[in-house]
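Per my numbering, the sequence shown starts with residue 811, numbered consecutively.
Using N, Cα and C, we set each Cβ at its ideal position, and we do this for glycine too.
These notes concern the structure reproduced below.
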Amino acid sequence: MRRNYPPVSLIGVPTDIGAGHLGARLGPDALRIAGLAQALRSRGIEVEDRGNLAGPPNPVEPPMDGYRHLAGVVVWNEALMQASLRELEAGRMPVVLGGDHSLAIGSIAAVAAHCRATGRRLRVLWLDAHADFNTSQVTPSGNIHGMPVSCLCGIGPDVLTGIGGHVPAITPAQITQVGIRSVDQEEKRMVKEHGLDIYDMRYIDEVGMKRTMEAALADLDDDTHLHVSFDVDVLDPSIAPGTGTRVPGGLNYREAQLVMEMIADTGRMGSLDVVEVSPALDERNRTAELAVDLVESLFGKSTLMRD
């Protein structure tokens, strides 16, 4: 059965200002070249490409007071929050083409604000190799792409936690993480202290992906807006080499397809990030092409041969 999806707006955010490696700034165009808009249109979905947002360049500077490029990260996220909110208020689905994962601060702040205004429940499904619950005290790098979840939960500098005007933008109870396999020791302590709901790779290995996703998606209902934040490093580097923080032991192709198909089956996805595609580290745009394939599955492309 083909579901009815709202019209989609692609929002390119060409920056790697929150990352430790250069290259994710090229991700939006890599996803376009891989045919994302055409793939969604072929499924009968109305798609408008809003082009790329503008923001400051990456100055490639060391951390100051525990954060790298804080002012620039704020500018990009505020721009993305406003752009995403405009699409949501117009009844459209924002699909963010990143860019590094610090951008999730702005995109999810917008969705959280929209859900508060419309009285809907927000759930965030975070597909990633990393928990991204770091703080400046935990990580010496100061790279903010390792901090978006903590910032969204109100832990971090005021200029980031306050984006969207509501602190915290979300609570740890609203976020579920799948595919995690690289967490700093102090970050593990914080994750446990705040009760983050995490299905790591060991859990997936032990119970299988079907049971993992049944648990991760169990409490969605008709009033739930599901935001999917898809970092391509959740995938194993053998199938997705084009990303800056590769961690062995990630999702294989069939596991990833099942994740996306089960999300699509819920009919609850209302917004999406696709981040950390770095064509400079890729092989003939292989990672962007795989990401497009998986996003198609989020929008109903299925291997199922049954109704």
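Grab the span of the beta strand (DSSP E) containing residue i for me, first residue to last.
i: Asn887; result: Element bounds for Asn887: not the beta strand (DSSP E) but the alpha helix (DSSP H), Leu880 to Glu899.
i: Ile821; result: Val818 to Val823
i: Asp859; result: Val857 to Asn862
Suppose the cutoff is 6 Å on Cβ atoms and the five residues either side in sequence are ignored; what does the same chain contact list for residue i look like?
i: Arg813; result: Gly1077 and Gly1110
i: Asp1043; result: Ala939, Thr1053, Thr1055 and Glu1086
i: Gly828; result: Val883, Asp910, Ser912, Ile954 and His955
i: Pro978; result: Cys963 and Gly964
i: Ala1028; result: none
i: Glu1106; result: Ala849
i: Ala914; result: Pro958, Ser1039 and Asp1083
What does residue i pair with, by DSSP beta-bridge criteria?
i: Ile990; result: Asp1010
i: Asp1083; result: Val906 and Ser1039
i: Tyr877; result: Met874
i: Ile985; result: Val934
i: Leu1045; result: Leu1061
i: Thr1034; result: Arg931
Measuring alpha carbon to alpha carbon, tell me which residue in the options is nearest residue i.
i: Gly975; options: Leu895, Val934, Gly861 and Arg1064; result: Leu895
i: Ile1049; options: Thr1097, His1037, His1004 and Leu937; result: Thr1097
i: Ala927; options: Glu899, Gly909 and Gly830; result: Glu899
i: Asp1033; options: Met1079, Met891, Leu1061 and Gly854; result: Met1079
i: Pro1047; options: Glu1093, Arg1012, Asp1103 and Ile1014; result: Glu1093
i: Ala1066; options: Pro1051, Gly861, Val988 and Pro838; result: Val988
i: Leu970; options: Leu890, Val905, His1004 and Arg930; result: Leu890
i: Pro866; options: Ala1026, Asp1041 and Thr825; result: Thr825
i: Trp932; options: Glu1003, Pro982 and Ile1014; result: This sequence places Leu at residue 932; Trp is not what is there. When each option's Cα is compared against that of Leu932, the closest is Pro982.
i: Ala919; options: Gly901, Ser960 and Leu937; result: Ser960
i: Leu1144; options: Val1038, Pro1089 and Ser1088; result: Coverage of the chain is limited to positions 811 through 1117, which leaves residue 1144 absent and any answer about it impossible.
i: Asp1031; options: Val905, Ile855, Glu871 and Ile1073; result: Ile1073
i: Ile980; options: Leu880, His1004, Asp994 and Asn868; result: His1004
i: Leu935; options: Gln984, Gln892 and Met1019; result: Gln984
i: Phe1040; options: Ala1025, Ser1081, Ile1014 and Gly966; result: Ser1081
i: Gly1018; options: Leu1061, Gly972 and Lys998; result: Leu1061
i: Ile855; options: Gly861, Glu888, Pro817 and Leu863; result: Pro817
i: Met1023; options: Asp994, Val1069 and Lys998; result: Val1069
i: Gly901; options: Asn862, Val921, His831 and Arg1064; result: Val921
i: His831; options: Pro1089, Leu1045 and Leu1100; result: Pro1089
i: Ile973; options: Asn862, Ser917, Leu1108 and Ala1025; result: Ser917
i: Pro869; options: Ile1014, Ala881 and Met903; result: Ala881
What does a CB cutoff of less than 7 Å around residue i pick up in its chain, not counting 5 residues either side in sequence?
i: Gly952; result: Pro873, Gly876, Tyr877, Arg878 and Ser946
i: Asp1010; result: Ile990 and Arg991
i: Ala847; result: Leu820, Val857 and Asp859
i: Leu1091; result: Gly833, Pro1051, Gly1052, Thr1053 and Gly1054
i: Val1102; result: Leu841, Ala844, Gly845, Leu846 and Ala849
i: Val885; result: Gly865 and Pro866
i: Glu996; result: Val948
i: Leu907; result: Leu820, Ile821, Gly822, Val823, Gly837, Pro838, Leu841 and Val1084
i: Ile1008; result: Ala941, Gln987, Ile990 and Val1001
i: Glu871; result: Arg878 and His879
i: Asn944; result: Gly956, Met957, Ser960, Asp994 and Glu997
i: Gly966; result: Thr945, Met957 and Ser960
i: Glu888; result: Gly916 and Ile973
What residue range is occupied by the uninterrupted alpha helix (DSSP H) comprising residue i?
i: Arg1096; result: Arg1096 to Leu1108
i: Gly837; result: Gly837 to Ile843
i: Lys1111; result: Run containing Lys1111: none; DSSP gives neither H nor E here.
i: Gln1067; result: Tyr1063 to Thr1076
i: His831; result: Taken as a continuous stretch (DSSP letters only), His831 belongs to no alpha helix (DSSP H), as it is neither H nor E.
i: Thr1022; result: Met1019 to Ala1026
i: His1004; result: Gln995 to His1004
i: Arg851; result: Leu846 to Arg851
Going along the chain, which residues of its own chain have a beta-carbon closer than 8 Å to the beta-carbon of residue i, five neighbours each way excluded?
i: Val1057; result: Ala939, His940, Arg991, Ser992, Asp1043 and Pro1047
i: Thr1113; result: Gln1067 and Glu1071
i: Cys925; result: Arg931, Leu932 and His1035
Quick one: does the C-beta of residue i sit closer than 6 Å to a heavy atom of the ligand FMN?
i: Asn868; result: Inclusion of the ligand FMN in the displayed structure is not the case, the ligand content being empty and no account of it being possible.
TODO: Pick out the complete beta strand (DSSP E) segments inside the region 929-982, 3 residues or longer, and give them in chain order.
DONE: 931-937
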